[in-house]
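In what follows, a structure is listed as structure tokens, so that the remarks can point back to it.
Protein chains: 4
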Amino acid sequence: MTRTINEEELESRAEARSRMSGLEYMQKVAAGEVPQSGMGQLMGFKITEVSEGYAVLTVRPDDRHYNGIGIAHGGLAATLLDSATGCAINTMMPAGRIFTTLEMKINYVRPIRGETGVVRCEARVIHVGGRVATAEGRVVDEQGKLYAHGTATCMLFQTR
Amino acid sequence: MTRTINEEELESRAEARSRMSGLEYMQKVAAGEVPQSGMGQLMGFKITEVSEGYAVLTVRPDDRHYNGIGIAHGGLAATLLDSATGCAINTMMPAGRIFTTLEMKINYVRPIRGETGVVRCEARVIHVGGRVATAEGRVVDEQGKLYAHGTATCMLFQTR
Amino acid sequence: MTRTINEEELESRAEARSRMSGLEYMQKVAAGEVPQSGMGQLMGFKITEVSEGYAVLTVRPDDRHYNGIGIAHGGLAATLLDSATGCAINTMMPAGRIFTTLEMKINYVRPIRGETGVVRCEARVIHVGGRVATAEGRVVDEQGKLYAHGTATCMLFQTR
Amino acid sequence: MTRTINEEELESRAEARSRMSGLEYMQKVAAGEVPQSGMGQLMGFKITEVSEGYAVLTVRPDDRHYNGIGIAHGGLAATLLDSATGCAINTMMPAGRIFTTLEMKINYVRPIRGETGVVRCEARVIHVGGRVATAEGRVVDEQGKLYAHGTATCMLFQTR
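Have a look at this one:
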């Protein structure tokens, strides 16, 4: 059930985020009190854990996520990693402090398939500086087997 | 109109690709004679050009691709780049030679929004060796303005 | 003939760079009017070309650059790439605008050996924005054969 | 005191490595029984710890490692990271199994200076598969403050 985020909602979000820390905000998204992003809905992601410097997102891969050769497209793990590292960094941002991803890098170590079942990306902040933050994430299945890992670099801003 | 690719089709594809070069195969996908991947359909990608060592994929960003702050999620450009670099490398593979992505890296230089209109990822092969190939891609709008750029590394295999 | 850069010289450099554009500065380094960096001297790099958005550095690999298995250590091409992309970005900076590398990524496609002879890294700016710049470089031999390629992301600052 | 590794020694090394596991070999290098690589000597690296899947290399930065603006060149941490991740992967290789670096990626989070004192790169294997291995490393000072972090991807081979 896709719930679209309209202009009004975007503004109220930005406004909310200028009064609320990133951690409070992510907790509301995880609790379903704030609708997830369009991409999160499109992909079927769930935010299952957020704490200071840490976030976990999950997805159940199916053939919507497949590439042409019967395994999940690299974009699935890449989008999951980008989301999870962004959430982890968000949990470290005070009210009024936002960020944008500068770059992301992912290694694929095993193919993800429907049979893999739910995979989770566990992301941890590595460094938060004055202008830049970095985080890493690992995509694992329910047995902890590794499928992909990577890092992201974000630039930090003050909302006006 | 999502057309699902079932098990049977996957097998017939793998079989096709063992008799057909990557370029022939990509040309059939571009012509719509072979259905696009699940992820390509989910994201709304179009393959608009394929030639030896080169591929162009396009997408019209909309709020399904958005992150929580009103711009396209990093996963959109990442998935587009992964697809386009993979297509470019595929065009260099003879029949029976396939590959898998080892790693991908993307830099985001400007936010992509609905107003940006159609963006295209132009991907070019950098190197094809005996076991590994690399390619780069740039995501630009219709005026050629740059939004993201990156590279991918693939490992090459022989189908049995 | 290693010429050390002492504290005094560093200050006079920073001062010079606050009056001089990055391009003027790099041209002076290329002309030998300003001593090269310690690392450039240690590695034996030469800056052979600088123009707007472009720089070429060369090195003749020998066994000082080797790893334990008889080929040049990955650090040789990495250091050459980091230098060349930095030079290319520097050529786009007005007086008083400096930068620092946020991250760098390199792909190795062939081993570099002493027999390879002089290799050059040709670096080009990809994007210069308000706060961030990116550049790419390719390490090739005198016949243009590719050995390594990569990108760097720099953050831009104003000298006080 | 640079001790050059000649052709004969290289051959005896390759031969040694075909009978000895990577861990045994790295322990001999760490113990000074096998001379370090040319690059390790040029940079002044020391291998201070090796165990299964783990390696630590150190360096005392000085003005030989500097770039043009009074801080250590990005190539110092990049070369240290490439060495340390390579050592960590080597410790997981049985006799006769060698590897080459496919790609490396490094993030710089703080400038390294002479005053920083000895820095160490602690590298850990992330994944060892049939054909590819990945490892990560962090460059820290003696207080554990982070200066750089990154990952490397290696391709595995059988010596003939």
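One line per chain: the protein sequences are A, B, C and D, in this order. Going by my numbering, the letters in the first sequence line up with residues 887 to 1046, in that order. Going by my numbering, the letters in the second sequence line up with residues 887 to 1046, in that order. Going by my numbering, the letters in the third sequence line up with residues 887 to 1046, in that order. Going by my numbering, the letters in the fourth sequence line up with residues 887 to 1046, in that order. C-beta atoms are modelled at their ideal positions from N, C-alpha and C, and glycine is treated no differently. Just so we're clear, the structure is a prediction, and the values are computed from it rather than from any experiment.
{"Query": "Anything in the stretch 971 to 1003 of chain C with a Cβ closer than 7 angstroms to a Cβ of chain E? List those residues in chain order, please.", "Result": "Of the protein chains in the structure, A, B, C and D, none is chain E."}
{"Query": "For chain A, check one thing: does any of its Cβ atoms lie closer than 9 angstroms to the Cβ of R903 of chain B?", "Result": "yes"}
{"Query": "From the DSSP output, in three-state form, read off Q868 of chain A for me.", "Result": "Only positions 887 to 1046 of chain A appear in this structure, which leaves residue 868 of chain A out of reach."}
{"Query": "Which residue wins for smallest C-alpha separation from R1006 of chain A, given the options A:G960, A:A1038, A:A1034?", "Result": "A:A1034"}
{"Query": "Kindly identify the DSSP beta-bridge partner or partners of C973 of chain D.", "Result": "DSSP lists no partner for C973 of chain D."}
{"Query": "Give a yes or no on whether 9 angstroms exceeds the smallest Cβ distance from G926 of chain C to chain D.", "Result": "yes"}
{"Query": "Please report how far the alpha carbon of Y1047 of chain D lies from the alpha carbon of V945 of chain D, in whole angstroms.", "Result": "There is simply no residue 1047 of chain D to check, as chain D begins at 887 and stops at 1046 in what is shown."}
{"Query": "Round the Cβ separation of S923 of chain C and G954 of chain D to the nearest angstrom and send it over; I've been treating them as touching at under 8 angstroms.", "Result": "4 angstroms"}
{"Query": "With a cut-off of 8 angstroms, do at least 3 Cβ pairs link the stretch 954 to 974 of chain B to the stretch 1035 to 1045 of chain B?", "Result": "yes"}
{"Query": "On the three-state DSSP scale, how would you describe T1002 of chain A?", "Result": "helix"}
{"Query": "With C-beta atoms as the reference, is E1022 of chain D less than 9 angstroms away from G1003 of chain D?", "Result": "no"}
{"Query": "Hey, I1012 of chain C and L943 of chain B: beta-carbon distance below 9 angstroms or not?", "Result": "no"}
{"Query": "In angstroms with no decimal places, state the Cα-to-Cα distance between G961 of chain B and R1017 of chain D.", "Result": "28 angstroms"}
{"Query": "First and last residue of the alpha helix (DSSP H) that includes G926 of chain A?", "Result": "924 to 929"}
{"Query": "Using three-state DSSP, classify E938 of chain B as helix, strand or coil.", "Result": "coil"}
{"Query": "Can you check whether the C-beta of M912 of chain A is within less than 9 angstroms of a C-beta belonging to chain C?", "Result": "no"}
{"Query": "Which two residues bound the contiguous beta strand (DSSP E) that contains N993 of chain C?", "Result": "983 to 994"}
{"Query": "Are the CB atoms of M978 of chain A and V936 of chain A within a distance shorter than 9 angstroms?", "Result": "no"}
{"Query": "Could you check which residue in A:T1045, A:S904, A:E989, A:T934 has the C-alpha nearest to that of Q913 of chain A?", "Result": "A:T934"}
{"Query": "Where does E919 of chain D sit, in a helix, a strand or coil, going by DSSP?", "Result": "coil"}
{"Query": "Where does A1010 of chain B fall in DSSP's three states?", "Result": "Rather than Ala, the amino acid found at residue 1010 of chain B in this sequence is Arg. If DSSP states are grouped into helix, strand and coil, R1010 of chain B belongs with the strands."}
{"Query": "Any C-beta of chain A sitting closer than 9 angstroms to the C-beta of R1017 of chain C?", "Result": "yes"}
{"Query": "Considering only C-alpha positions, which residue in the set C:E989, C:P980, C:N993 is nearest to G939 of chain C?", "Result": "C:P980"}
{"Query": "In the structure shown, what three-state DSSP assignment does G1023 of chain D receive?", "Result": "strand"}
{"Query": "According to a CB-to-CB cut-off of less than 9 angstroms, which residues of the stretch 948 to 972 of chain A neighbour chain B?", "Result": "D948, D949, R950, H951, Y952, N953, G954, I955, G956, I957, A958, H959, G960, G961, L962, A964, T965, L966, L967, D968, S969, G972"}
{"Query": "Within this structure, are the beta carbons of P947 of chain C and A964 of chain C separated by less than 9 angstroms?", "Result": "no"}
{"Query": "Which residues share a DSSP beta bridge with M1041 of chain A?", "Result": "A:T986, A:V1018"}
{"Query": "What in chain D is Cβ-close to A900 of chain C, meaning under 8 angstroms?", "Result": "I955, G956"}
{"Query": "Under the DSSP definition of a beta bridge, which residues are partnered with I933 of chain C?", "Result": "C:L943"}
{"Query": "How should T1045 of chain C be labelled, buried or exposed, when 16 other C-beta atoms within 10 angstroms of its C-beta is the threshold for buried?", "Result": "exposed"}
{"Query": "Sorted by chain position, which residues of the same chain lie with C-beta nearer than 8 angstroms to N993 of chain B's C-beta, five sequence neighbours on each side aside?", "Result": "A1034, H1035, G1036"}
{"Query": "Give the secondary structure of H959 of chain D by DSSP, where H, G and I count as helix, E and B as strand, and everything else as coil.", "Result": "coil"}
{"Query": "In this structure, does DSSP put T888 of chain C in helix, strand or coil?", "Result": "With a pLDDT of only 41 at T888 of chain C, under the threshold of 50, the placement of this residue in the model should not be trusted; the figure read from the coordinates follows. In the structure shown, T888 of chain C sits in coil (DSSP, three-state: anything other than H, G, I, E or B)."}
{"Query": "Between the alpha carbons of K991 of chain B and K991 of chain D, how many angstroms are there, rounded?", "Result": "9 angstroms"}
{"Query": "My assumption, with CB atoms under 8 angstroms, is that A902 of chain B sits in contact with Y911 of chain B. Please give the rounded CB distance.", "Result": "7 angstroms"}
{"Query": "Which whole-angstrom value describes the C-beta separation of I975 of chain B and A916 of chain B, a residue pair presumed to lie in contact below a C-beta threshold of 8 angstroms?", "Result": "That pair is no contact at about 15 angstroms."}
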